[in-house]
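Enquirer: Pasting in a structure now, in C-alpha cells, and then I'll have a few things to ask.
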Amino acid sequence: MNATDALAAAKQAATDGKLSETAVENIERWLTEPRYAEYRDQVADQIADQKWQPLDDAFWTIIPFGTGGRRGRMYPIGSNAINDRTIGESAQGLADYVVDYHKGQKQLSCAIAYDTRHKSRHFAELCAGIMVAAGFKVYFLDDYRATPQLSYAVRYKNCDCGIMVTASHNPPSDNAVKVYWSSGAQVLPPHDKAIIDRVMSCQEIRCVPFDQALADGKVEIVTEEIDQAFLEVTSAQAFSGPRDVKILYSPLHGVGAAAVMPLLAKDGFNDVEVYGPHEERSGDFPNVPGHVSNPENKQVFDAPIEYAKANGFDLIMATDPDCDRLGVAAPLTTDSAGQWGTFSGNQIGALLADFILSKRAAAGTLSSDHYVVKTLVTTELIRRIATAYDVKCIGDLLVGFKFIAATMDENGPEKFVFGTEESHGYLVGQYCRDKDGAVACMLMSELAADLKQRGISMHDHLADLYRQHGFHQEYMISLVMEGSEGMAAMQRLMKAFRETPPASVAGIAVTQIRDYLNSTLTDTASGRQSPLGDPVGNLIILDLDEEGNYVAVRPSGTEPKIKLYVFTKLSTDQSQDLDAAKAKLNARLESLEADMRAFAKDHS
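In our numbering, the protein residues as written are 28 to 631.
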C-alpha cells in the first residue's frame with residue numbers, strides 16, 4: 028500500500044470510529060513529511076493490516092517529557108511510542124539546545140548509561156552517535172549501571188548533560204530516556220521547555236555510527252573509572268557502628284547488584300546474599316509478580332520473605348531495575364522466623380531521616396542551618412522529625428527528585444542532610460543530584476545492625492517514632508487511564524477537583540483547596556481565594572478539618588494515570604496506644620479511598 032492509499036484508509040478508519048482524529052493527524056505526518064521517510068513503509072503496512080488499536084495507541088498524541096523524562100511503551104513506529112525516532116529526537120533536541128546554550132564557547136561532553144531493559148543498549152548507542160555528530164565527547168558506561176551512577180558521572184566528568192536509558196520500575200514493554208543537566212540533576216525549567224521545543228521541531232537526526240565514534244576516540248568507555256569513584260563517594264556517606272546483621276538483597280532483575288554489593292562489602296557488611304530468583308539481569312523481569320519490578324509493590328517481597336524466614340535473615344532490601352529506589356521488609360519482632368512486614372516509601376524515609384539526623388547530632392555535625400528536603404506528597408512525619416533535631420525541612424516541592432536536587436543547589440549543598448520522596452527515593456551527601464538506591468541500602472543496613480544490637484525490631488522502632496511525633500498513615504491510589512480516552516478522562520477529573528470538589532471526604536469537611544497550577548488557595552466556607560505562591564504545577568491538595576489530614580491529586584508525569592494521595596494523622600496523645608491508633612487510621616484510610624474512588628468514577 029502506498030502512502031496516499033494508506034492515508035485515505037486511515038481517514039476512513041477515523042470516520043468509522045477505529046482511529047482517533049489526533050492519531051490520523053500524526054499518521055499523516057509520518058506518511059508525508061520527509062523526516063519520517065524511513066518509517067513510511069512500516070506505517071503503510073500496519074494500515075494495510077488494519078492494526079487500528081496499536082496504531083491509535085502509537086499515534087494519538089506525541090509522547091511528552093514528564094517528571095522523569097520521556098517514557099512509554101516501545102513500538103517500532105509512532106509519535107506516542109518509544110522507538111528510534113522518538114529516542115533520536117530526544118537526543119537531537121538535547122544536543123541542539125546544549126550547543127545553542129553554550130554558543131561554541133567550550134568543548135561539550137555528555138555522559139550516557141543504560142539499564143537491563145530491552146533495547147536499552149541499542150538506544151544508548153543511538154544517543155551516543157547523535158551526541159558525537161553534534162560535536163560532543165561522550166563518556167559511556169559500557170554495562171548495565173544504576174541511574175545515580177549516571178548522575179554522578181555527569182558531575183565527575185564535568186559534563187554538560189547526561190542521558191540515562193531506563194524506564195525505572197515500569198513494565199517490560201516500556202523504555203525511556205532521562206535527560207540530565209550539567210548539575211547531575213534531571214533537566215528543570217527553563218531548560219526542559221527549551222529542549223522539548225527543539226525535540227518537537229526536530230527534522231533531521233544526525234548520527235555517527237557508534238563503532239566509528241568509539242574508534243575515533245569520540246566515545247570513551249568510563250565504566251571502571253566511574254565504578255571506583257562512585258564506590259568511594261558513596262562509602263564516604265557511611266556512619267560508624269555495628270555491622271552484625273544478615274541481609275537478603277534483591278536487584279529485581281535490574282542493575283543494582285553492581286552498585287549495592289560492593290558498597291555493602293566496603294562498609295563492612297559481610298553477611299549479604301543476593302536473592303537467587305531475582306539475580307538474573309533481564310528486561311523481562313521473569314520472577315517478580317506481574318513482571319513489574321517495583322519495590323513499592325508489597326508482592327515482590329512475598330517469595331524473598333519466605334526464603335528469609337527459613338534462613339535466618341534480619342533484613343530484606345530490594346532496588347528497582349535502575350537502582351534509584353529502595354524497598355524494605357523486616358520481621359515484626361526480633362524473631363526472624365516470625366511474621367514479617369514491608370515498609371512504605373514514607374516509612375522508610377522517616378526511618379532513614381531519624382537515623383541520619385541522630386548520627387549527625389551525636390557526632391556534633393548538625394546545626395539549625397542544616398536542612399532536609401521532601402516533596403508535597405511526602406509524609407509530614409519527615410518535617411516533625413527534622414524539627415525535633417532543630418533542623419529545617421523544605422517540603423513545598425512538586426513531585427520529582429529533580430526539584431529536591433534544585434533545592435540542594437539553591438540552599439547550599441554543604442548544609443543538605445537528606446532528601447526523600449514517598450515513591451521510595453532517598454539521597455544523602457553531595458556526590459550526585461538524584462535518588463540513590465545503593466546508598467539507601469547502606470544506610471538501611473546500618474540502621475538494621477544498630478537496632479539488632481539494641482534488641483529492637485525495625486517495626487517497633489518505627490512505632491516509637493509514631494509515639495514521639497504522632498501516628499501518621501498515608502496511602503497512594505493509582506487510577507490508570509490509558510490512551511486518548513484516558514487522557515480526556517484525566518483532564519475531566521482534574522477539572523472537577525478544581526471546579527466542583529467534594530465538600531467532605533470520609534465524613535471530614537474539606538476546609539481549603541490548594542491549587543498549585545493556578546496558584547490559588549480557596550477557603551471553602553467563604554469561597555474566598557488568595558494567592559498560593561510557588562511551586563507551580565498540576566497538583567491539587569484538599570485540606571480536611573482535622574490537622575494533618577488531607578488529600579492530594581495529580582496526573583503522573585511519566586505514566587497514564589491519576590495519582591491520589593491520602594494523608595492521615597493522630598496527635599501524639601492519641602498515638603500512645605498504637606493498636607487503637609492504627610485501627611482508627613486504617614478505617615479512615617479505607618473511607619478516604621472509597622470516597623476518592625467514587626468521586627473519580629463520577630467525574631472522569
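Beta carbons are placed, not taken as given, at the ideal position from N, Cα and C, and that holds for glycine. Since we're looking at a predicted model, the values are computed, not measured.
Of the choices GLY162, PRO528, TYR171, whose alpha-carbon is the least far from that of ALA286?
Expert: TYR171
Enquirer: Would you check if the distance between the CB atom of ALA140 and the CB atom of MET101 is smaller than 9 Å?
Expert: no
Enquirer: Within 8 Å, do at least three Cβ pairs link the segment 409-422 to the segment 456-467?
Expert: no
Enquirer: With distances taken between CB atoms, is the gap from LEU566 to VAL426 smaller than 9 Å?
Expert: yes
Enquirer: Could you check whether ASP311 and HIS149 sit closer than 9 Å to each other, using their CB atoms as the reference points?
Expert: no
Enquirer: Consult DSSP for ARG233 and reduce its assignment to one of helix, strand or coil.
Expert: Of the three classes helix, strand and coil, the one that applies to ARG233 here is coil, per DSSP.
Enquirer: Can you give me the start and stop residues for the beta strand (DSSP E) that GLN556 sits inside?
Expert: 556-558
Enquirer: Taking the alpha-carbon positions, what's the CYS468 to ILE589 distance?
Expert: 30 Å
Enquirer: What does the alpha-carbon distance come out to for the pair VAL563 and LYS220?
Expert: 14 Å
Enquirer: Would you call the segment 470-489 and the segment 548-562 touching, i.e. three or more CB-CB distances under 8 Å?
Expert: no
Enquirer: Since I believe ALA138 is in contact with LEU177 (beta carbons under 8 Å), could you give me their beta-carbon distance rounded to a whole number of angstroms?
Expert: 6 Å
Enquirer: Does DSSP classify ALA377 as helix, strand or coil?
Expert: helix
Enquirer: On a CA-only basis, which of TYR183, HIS630, LEU474 is nearest THR250? Give me that one, please.
Expert: TYR183
Enquirer: Rounded to whole angstroms, what's the CA-CA distance from LEU241 to LEU258? Just pull it up for me.
Expert: 26 Å
Enquirer: Spatial neighbours of GLN374 within its chain, please: C-beta separation below 7 Å, excluding the five flanking residues on both sides.
Expert: Contacts found: LEU489.
Enquirer: Suppose contacts are defined by Cβ-Cβ distances below 9 Å. Is LEU121 in contact with LYS429 by that definition?
Expert: no
Enquirer: Among residues of its own chain, excluding the 5 on either side of THR369, which ones have a beta-carbon nearer than 6 Å to its beta-carbon?
Expert: LYS325, PHE328, ALA356
Enquirer: To the nearest angstrom, report how far apart GLY189 and THR527 are at their CA atoms.
Expert: 43 Å
Enquirer: From what residue to what residue does the alpha helix (DSSP H) around THR414 run?
Expert: 408-415
Enquirer: Would you say ASP542 and ARG525 are within 9 Å of each other, going by their C-beta atoms?
Expert: yes
Enquirer: What would DSSP say about LYS611, mapped onto helix, strand or coil?
Expert: helix
Enquirer: What residues are listed by DSSP as bridge partners for ASP542?
Expert: THR547, ILE567
Enquirer: To which residues does DSSP link ALA140 through a beta bridge?
Expert: MET191
Enquirer: Where do the N-terminal and C-terminal ends of the beta strand (DSSP E) with GLN500 fall, by residue?
Expert: 499-507
Enquirer: Where in the segment 216-294 do unbroken runs of the alpha helix (DSSP H), each at least 4 residues long, occur, reported from the N-terminal end onward?
Expert: 218-227, 237-242, 250-262, 284-293
Enquirer: Determine the closest residue to ASP169 out of THR42, LEU548, GLU323, SER147, with distance taken between C-alpha atoms.
Expert: SER147
Enquirer: For THR361, which three-state DSSP category applies?
Expert: Note: THR361 maps to coil in three-state DSSP.
Enquirer: Please confirm whether GLY456 and VAL181 have their CB atoms less than 9 Å apart.
Expert: No, the Cβ-Cβ distance between GLY456 and VAL181 is not below 9 Å.
Enquirer: When the Cα of PRO348 is compared with those of GLY339, PHE167, ALA364, VAL319, which residue comes out closest?
Expert: VAL319
Enquirer: If you scan the segment 454-533 from start to end, which runs of the alpha helix (DSSP H) of 4 or more residues do you find wholly inside it?
Expert: 464-481, 485-496, 510-526, all fully within the segment 454-533.
Enquirer: In or out: GLY131 buried (at least 16 other Cβ within 10 Å) or exposed?
Expert: exposed
Enquirer: Considering LYS38, what are the terminal residues of the alpha helix (DSSP H) in which it resides?
Expert: 30-42
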